[in-house]
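Peer 1: Please read through the structure below; I'll follow up with questions.
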Amino acid sequence: MYMIMDNGLLIEVIYKKKLYQYLEFIRLDNICQKTYVTCKNIVTGEMYTFDEEYIDNIITNIQPKPDEEENPVAI
């Protein structure tokens with residue numbers, strides 16, 4: 002089983018040999034001894050629910066945009 006932490010990272014999921022990018026983890030559900038991972042695409046707003054059994058890989062190497070710091074150019 003994959004461990005997913007809600008730490009603000011964006012993830013990529015390879016599900017049934019198809020790549021889903023720019024996903025934000027929403028929740029993990031266990032229903033009738035099956036595990037489902039729900040994610041939201043932050044670009045399109047689409048929600049995806051993946052059956053954990055068919056997830057080939059989860060990649061968490063996409064870093065979110067850093068917190069906005071004070072803009073030294075703006076007055």
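Read in order, the letters of the sequence shown correspond to residues 2 to 76 in the numbering used here. Virtual Cβ for every residue (Gly too), placed ideally from N, Cα, C.
#1: At the level of alpha carbons, what is the spacing between T45 and T36?
#2: Note down the Cα distance separating L24 from Q34, rounded to an integer number of angstroms.
#3: Report all residues from its chain with a CB closer than 7 Å to the CB of R28; omit the five preceding and five following residues, and keep chain order.
#4: Over what stretch of residues does the beta strand (DSSP E) that includes T45 continue unbroken?
#5: What does T50 pair with, by DSSP beta-bridge criteria?
Peer 2: Let me lay it out:
#1: When the Cα atoms are used, T45 and T36 turn out to be separated by approximately 25 Å.
#2: The alpha-carbon of L24 is positioned some 25 Å away from that of Q34.
#3: Closer than 7 Å at Cβ, skipping near neighbours: T39.
#4: From DSSP, T45 is part of no beta strand (DSSP E); its letter is neither H nor E.
#5: According to DSSP, T50 shares a beta bridge with T39.
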